[in-house]
Each structure stands twice: as C-alpha cells, then as structure tokens.
Amino acid sequence: MAFYLAIDIGTEGARAGVFDEAGTRVSTASAPYQTAYPHPGWAEQNPRDWWSATVRAAREALETASVRSVRAVGVATTSSSVVILDDTGTPIRPALLWMDSRAGAESERTAEIDHPSLRFAGGSDSSEWLVPKAMWLARNEPETYAAATHIGESVDYMTLRLTGRWVGSRLNATCKWNYDHREDALPSDLYAQLGIPDLAEKLPRDIAAVGDVVGELSRAAAAELGLEPGAIVFAGGIDAHLALVALRGVSSNPVAIVAGTSNAFIAELDEPVFSPTIWGPYPGALTQDRWLIEGGQVSAGSALSWLSERILGVPRDRLGQLVASATEVQAAEHGILVLDHFMGNRTPHRDPSLRGAVLGLSLGATPAQLYRATVEAVSFGTRQVLESFEAVGVDSDDVFLTGGIRHNPLWLQTTADALGRPVNLVSGENLTTLALGILGVAADTGEGRAEVARRFAPDHIIVEPNPAATQPLADAYERYERSTQLLTGMSHELARSTQTTARVGAA
1 MAFYLAIDIG TEGARAGVFD EAGTRVSTAS APYQTAYPHP GWAEQNPRDW
51 WSATVRAARE ALETASVRSV RAVGVATTSS SVVILDDTGT PIRPALLWMD
101 SRAGAESERT AEIDHPSLRF AGGSDSSEWL VPKAMWLARN EPETYAAATH
151 IGESVDYMTL RLTGRWVGSR LNATCKWNYD HREDALPSDL YAQLGIPDLA
201 EKLPRDIAAV GDVVGELSRA AAAELGLEPG AIVFAGGIDA HLALVALRGV
251 SSNPVAIVAG TSNAFIAELD EPVFSPTIWG PYPGALTQDR WLIEGGQVSA
301 GSALSWLSER ILGVPRDRLG QLVASATEVQ AAEHGILVLD HFMGNRTPHR
351 DPSLRGAVLG LSLGATPAQL YRATVEAVSF GTRQVLESFE AVGVDSDDVF
401 LTGGIRHNPL WLQTTADALG RPVNLVSGEN LTTLALGILG VAADTGEGRA
451 EVARRFAPDH IIVEPNPAAT QPLADAYERY ERSTQLLTGM SHELARSTQT
501 TARVGAA
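Residue numbering for the sequence shown follows the UniProt record's numbering, beginning at 1 and increasing consecutively.
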C-alpha cells in the first residue's frame, strides 16, 4: 500500500494527514503555534514555529498510522504570509502574516501604477499581499530588506525546509506577486516602478505549477519528520484555493467558501471577467487554461473568537453555552448591528482601513445578543462577497462550505439564512489536506487529477435556510451595507490615528 503525507500550515497551527492511494484518510494530527499582534492591524509569526509544529504533527500522524515510508509529500499554507530569510534560509525577522494590513499606503500606491499585470488583480494589490509588504519593509526596515537574500511566502519556506530548494508555487506567484506564467518571468519593471527593483532577485526564480514535482525530500528533513528518505515533494500552494482540487470530485464547477479564521471564496472561470470587486482573474494559477478568481473576509471566525474570548471572557470550553444562548435570540430582532471589518475589508470594498463597529447598544444588551449580532455580521459579509461573484457571472449553483464553521451551528445556519438559499457543508473533512493527497497520488502515479479526485470525493450535507429568519436578515443586511457606507470616513480617520501611534511606537 502506498501512502502520502499532506501538511497544512494554517493560522493557528500545523495539520498533517496521511492518505492511502484509495483516498482513505488514515490518520491526522495537529500542533499549535502563536501569533503576535505588535500594533493594530499588524500580525506576525515565527517561521521556525511552522516547521517545529509540522514535525510534531507529522510524527504523530505517521506514528498513529504506523507508516514510516511515503511516496509523496505536499504542503499548503496561508497565502501572503511573507518570510524574510538570509542566504542560509534562516529567518531574520518574524513573518508578516496574511492578515497583517500595515501596508495600506503601499497598496494604494499600486493602484496609481499603470501596468498590464495589475489588470489581473482588479487594478491594484491588496495590503495583505507580498508586493505591498515588501514595499513596506523596504521603506520602514531598509536594513532588514537589504539584508534579505530571500523574500517569499510560507509555502516557499516550507518547500525549502523539505527539499533544500528555493522554489515558488505558481498559485501564490500568480495570485499574490503579479506573475503571469505565460510571460515566464516576474514583472521586474512593475517592482521597479514600486520602488523595489531588486525584489525579483529575492523571490524564487524557479516557479512550479501546482502538483509538479520540485525535488526529493532531503535526508535531514526525512529524519526530522520520522520518515525514510526517497519521497518526492510536489508544489503545493494556497490552502483555501486548493479546496477546488478536492471539490471537483463532487462538482465540475464548485464555488468554495473556506470559512475559518478568515473566509476565502474561490472559483474558476473558462473566460476572464474583470471587476474591481473581485481579485483576479488569474491566468492558469491553479488549472491550466482556466481563470481563477478569489474574494474574502479578513475577519470571520477570528471576529467571533475575539468577541467571545477577549471581550466577553468566555473560554473555549464554554463556547457551546454562549452559542446555545445566542441561538435562542431571534434573528435580527435584538436591535444590535455589528460591522465585521475588524481587520479591514478584502472584498468587495478592497479597503484595509475599514474598521469594525457595534451599533444599537443599550444597557440592556446581553452577551448572547452581542454574539448573535456578530455572527450575523460575518454572514452578511459572506453574502456581500458571494453577490460580487454572481455579479461578474460566476455560476454559484454549487456552493460548498468547509472549515471551522462546521463546529459552530449558529454560524452555519445563519450563513444559510443570510444567503437565503441552501448551501453544501463538507462533512468533517479538511479539504486542503485532502487536495494535497489527490495531488500526491497524481504526481506519483501519473493519473489524471479528476479521476483521483472522484476517488477522494468528500461527503457533504445540504443546509437549508430557516424561512422565519431570511426576511429579517435581509432587512438587516440592507442596514449593514448602508452603515458601512455611512461610517467609511470615520473608519479611515480612526485607522489613520492608530497607524500614527504604531509608527511612533516603532521609532
């Protein structure tokens, strides 16, 4: 029996899964790490923690499965988690996590540039992406930027640790670095216009398509992971985007909503559609000759955990009680409206300076009402993004939800209620590691991905909307959109004040 190791570097920890060639998930394990928030809008992690957590999770998964030899290893990570390394591959500062929005001014600068590659990003780069973050480093930490031999993403760092090779994923490069594989070169002229002319020299020069073999697992890495040497390592990519690989086992044209710490929306088109309310269309980022588009909510599950744990002081082991109490509150009848832009808005507004808000509070407001209103806000953000997809012609008949949302019944049901339509919930399955299992088998055996995906097809259930909740939530959604517009100016003013404080503190 052949086995395959999948590694997923998420926001809160590393997950490892062992699969066999028949599509059975033999074992799983996870290990956590910490995130630092040095200033408002900043988020950082230590890349060494990703590797040490990977070793712990992989060893546990392999030992549980009684497996010592695998045929292929693949890794997926959050996108735009930027690493800064010296010539030995050692980090010289913490990584700028995907949700870090400090590069707002640099993002605005990309919108002022007339360059053909920016057309595939809706006219500008997000503050979350690698290029604006590299601009921020060059401007605010010039000595660190100059000392960096390598700048890349978490997936590049993990590939380096696995193989010893500095290789990029076409998925990340296309979606986050303004790369077009049809040109077969990074856009150095764009980087020069943005004040970072040497960025292309620091990024991986070898860029591999998702699923392509990039090397062999090094003896050192194999020893740390508890594996025998000889496994191939293939190019992975962005965790959420790879969900489409797994979902093609159940739908020819799925829309994936990976709902967890953040919400990522992924779909592919046969022909390109251009709109400033979506990210993309990206040529051949995941599938040759197709166009990938993405959208997202920066704050989703993170907004709920922030409220329950840090504001209301409810520990995770008592979260179920809070969710149960909030479920008893009638939808949109509590008089509270929350705006979920706690770390800015990814789409459709593309505004990193939007901020969260709570409206309608009174001395009679309860924790259950506040939690319910925040769940509704996250669901309204989901509706807003999905509507932006539909507006550019995305077929949304097959919408699949996966991720941490499956552990929160109120969030799941409210999402269906706010959308006013049935949604498919993937049953207890991590689609990222499942997709890596599919890619591993395909890379090892030469089978077509579609055929392997059908064998690995995840189970799913249909979640129907509650008719009694759909209209009240539709009315509240209109207030949500109107309030966002009314408060945009104040959001920007408050964001500027915290940015000033952060610069003073850094000095």
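Heads up, the beta-carbon is just placed ideally off N, CA and C, and yes, glycines get one too. The structure presented is a predicted model; accordingly, all values stated were derived computationally and were not measured.
Spatial neighbours of residue i in its chain, beta-carbon cut-off 6 Å, leaving aside the 5 residues before and after
{"i": "A453", "result": "R248, G249, I438"}
{"i": "S127", "result": "S101, A103, G104, S107, P352"}
{"i": "L431", "result": "A243, A246, T402"}
{"i": "I113", "result": "Q193"}
{"i": "residue 508", "result": "Since the first residue of the chain shown is 1 and the last is 507, residue 508 is not available in this structure."}
{"i": "R421", "result": "none"}
{"i": "G335", "result": "G360"}
{"i": "A435", "result": "L242, V245, A246"}
{"i": "F342", "result": "S299, A303, G356"}
{"i": "Q331", "result": "Sequence inspection shows Ala at residue 331; the Gln mentioned does not correspond to that position. A469, P472, L473, listed in sequence order."}
{"i": "E224", "result": "V55"}
{"i": "P142", "result": "none"}
Backbone secondary structure at residue i - three-state DSSP
{"i": "residue 509", "result": "As shown, the chain starts at 1 and ends at 507. That puts residue 509 outside it, with no answer to give."}
{"i": "L322", "result": "helix"}
{"i": "T110", "result": "helix"}
{"i": "P142", "result": "helix"}
{"i": "G489", "result": "helix"}
{"i": "N242", "result": "Correcting the residue type first, residue 242 is Leu in the shown sequence and not Asn. Coil."}
{"i": "E216", "result": "strand"}
{"i": "T498", "result": "helix"}
{"i": "F274", "result": "coil"}
{"i": "G301", "result": "helix"}
{"i": "I462", "result": "strand"}
{"i": "V504", "result": "Because V504 carries a pLDDT of 38, less than 50, the predicted location of this residue cannot be relied on, and no value is offered for it."}
{"i": "residue 512", "result": "No answer is possible for residue 512: the residues shown for the chain start at 1 and end at 507."}
{"i": "D184", "result": "coil"}
{"i": "T347", "result": "coil"}
{"i": "S30", "result": "strand"}
{"i": "A453", "result": "helix"}
{"i": "V378", "result": "helix"}
{"i": "R15", "result": "strand"}
{"i": "V394", "result": "coil"}
{"i": "G295", "result": "strand"}
{"i": "Q45", "result": "strand"}
{"i": "Y282", "result": "strand"}
{"i": "I257", "result": "strand"}
{"i": "L363", "result": "coil"}
{"i": "A267", "result": "strand"}
{"i": "L97", "result": "coil"}
Own chain partners of residue i with C-beta closer than 7 Å, once the 5 adjacent residues on each side are dropped
{"i": "A173", "result": "Y179, I207"}
{"i": "G195", "result": "M135, A138"}
{"i": "A61", "result": "A16, G17, V18, S27, T28, A29"}
{"i": "L97", "result": "T35, A43, E44, Q45, S81"}
{"i": "A450", "result": "R248"}
{"i": "F234", "result": "A72, G74, G211, D212, V213, V214, L439, G440, A443"}
{"i": "Q369", "result": "V329, H334, I336"}
{"i": "A200", "result": "L186, S188, Y191"}
Residues sharing a beta bridge with residue i, DSSP
{"i": "I84", "result": "I151"}
{"i": "Y191", "result": "Answer by DSSP bridge pairing: none, since Y191 is not bridged."}
{"i": "L339", "result": "A357"}
{"i": "R91", "result": "According to the sequence shown, residue 91 is Pro rather than Arg. Its beta-bridge partners are L85."}
{"i": "S8", "result": "Looking at the sequence shown, residue 8 is not Ser but Asp. Bridge partners of D8: R15, A76."}
{"i": "S169", "result": "A208"}
{"i": "A235", "result": "Looking at the DSSP assignment, A235 forms no beta bridge with any residue, so it has no partner."}
{"i": "N424", "result": "F400, I462"}
CB contact check: residue i to chain D, cutoff 8 Å
{"i": "R449", "result": "Given the protein chain composition of this structure (a single chain), no chain D is represented."}
Rounded distance between the beta-carbons of residue j and residue i, thought under 8 Å
{"i": "V83", "j": "V273", "result": "Not really, about 33 Å apart at Cβ, beyond 8 Å."}
{"i": "R68", "j": "E228", "result": "6 Å"}
{"i": "V210", "j": "G168", "result": "Their Cβ separation, rounded to whole angstroms, is 11 Å, which puts V210 and G168 out of contact at 8 Å."}
{"i": "V385", "j": "T347", "result": "5 Å"}
{"i": "L203", "j": "G152", "result": "6 Å"}
{"i": "R182", "j": "P283", "result": "6 Å"}
{"i": "L285", "j": "C175", "result": "A small correction: the amino acid at residue 285 is Ala; Leu does not occupy that position in the sequence shown. So it is a contact: roughly 6 Å between Cβ atoms."}
{"i": "D239", "j": "T77", "result": "6 Å"}
{"i": "R59", "j": "G226", "result": "5 Å"}
{"i": "G41", "j": "T498", "result": "7 Å"}
Close-in-space but distant-in-sequence residues of the same chain around residue i (CB under 8 Å, 5 per side omitted)
{"i": "R165", "result": "T159, D206, V214, G215"}
{"i": "residue 517", "result": "This structure does not reach residue 517, given that the chain is present from 1 up to 507, and the question cannot be answered."}
{"i": "N1", "result": "Looking at the sequence itself, residue 1 is Met, so the reference to Asn does not match. Contacts found: D20, E21."}
{"i": "S388", "result": "S275, T277, I278, G295, T347, P348"}
{"i": "E12", "result": "P32, Y33, T35, T261"}
{"i": "H460", "result": "V250, F400, N424, L425, V426, S427"}
| field | the stretch 249-259 / the stretch 80-95 touching (three or more Cβ pairs under 8 Å) | value | no
| query | Are at least three pairs of beta-carbons, each pair with one atom in the stretch 35-54 and one in the stretch 115-124, less than 8 Å apart? | reply | no
| field | At least 3 beta-carbon pairs within less than 8 Å: the stretch 474-485 vs the stretch 367-387 | value | yes
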